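To keep things clear, I will list the structure first and then write my remarks on it.
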Amino acid sequence: MNDDSADDGPPVPGSQWYDADAGPLVRPYAMTGGRTKPGPSNVRFDLIALVVVDDDPPGPAEEALLGPEHRSLLTLCRAETQSVAELAADADLPVGVVRVLLGDLLESGFVRVSRPVPPAQLPDERILREVIDGLRAL
18 MNDDSADDGP PVPGSQWYDA DAGPLVRPYA MTGGRTKPGP SNVRFDLIAL
68 VVVDDDPPGP AEEALLGPEH RSLLTLCRAE TQSVAELAAD ADLPVGVVRV
118 LLGDLLESGF VRVSRPVPPA QLPDERILRE VIDGLRAL
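Numbering-wise, the sequence shown is residues 18 to 155 according to the numbering used here.
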C-alpha cells in the first residue's frame with residue numbers, strides 16, 4: 018500500500034463505495050439480490066413505460082426499509098413522471114437493474130406504471146397523413 022492517500026486530504030463520507038476510476042463498487046447483482054426479473058409476477062417494463070409515484074404510497078416507515086437505489090428511483094419519480102429508460106439514465110444504473118427495482122416498488126405500492134399504447138391501437142398512418150395535409154391546406 019502506498020502513502021499517496023495521505024496527500025489526498027480527509028476522506029469524503031461514502032467514498033468507500035466509489036472509486037473515481039472504476040465507478041461504483043456495488044455490483045448490479047448486489048443491488049437486486051441476484052434477481053434478474055422483476056417480482057414474482059414477472060411484470061415486464063417496456064423502456065417507454067411511464068413510472069409515477071402512487072397517489073397513496075406506503076408511509077415513511079416503509080420507505081425507510083428500502084435500499085438506497087430504490088429510494089433514488091422514488092426521488093426521481095417524485096420530481097416528474099419518467100420512462101424506464103430515463104430512470105435508468107438519470108440513476109446511472111443498467112436498465113435490467115432498474116426493471117427489477119421498479120418491480121419491487123410496484124409490488125410494494127410505491128409506484129404506478131402506465132403501459133405504452135400498443136401499435137394496433139395507434140391511428141393509421143394514412144389518416145395521420147390526411148390530417149397533416151388538411152392542416153397544411155389551411
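From the three backbone atoms N, C-alpha and C, an ideal C-beta is built for every residue, glycine too. Owing to the predicted nature of the structure, the values given are computational and were not obtained by experimental measurement.
Look at Val-69 here: in three-state DSSP terms it is strand.
Beta-bridge partners of Ser-125 (DSSP): none assigned. DSSP places Val-130 within a strand segment (E or B) once states are collapsed to three. Of the other Cβ atoms in all chains shown, fewer than 16 fall within 10 Å of the Cβ of Gly-151; this residue is therefore exposed.
For Val-101, the enclosing alpha helix (DSSP H) stretches over residues 101 to 108.
Collapsing the DSSP output to three states places Arg-116 in a helix. When the Cα atoms are used, His-87 and Leu-119 turn out to be separated by approximately 8 Å. Assigned with DSSP and collapsed to three states, Gly-151 falls in helix. When DSSP states are grouped into helix, strand and coil, Pro-85 belongs to the helix group. Between Phe-127 and Val-101 a beta carbon distance of about 15 Å is seen, past the 8 Å cut, so the two are scored as non-contacting. Three or more Cβ pairs closer than 8 Å define a contact, and the stretch 73 to 81 falls short of that threshold against the stretch 102 to 114. For the set Ile-144, Pro-140, Asp-121, the Cα lying nearest the Cα of Leu-82 is the one of Asp-121. Each residue's CA atom was taken as its position, placing Ala-66 and Arg-143 some 26 Å apart.
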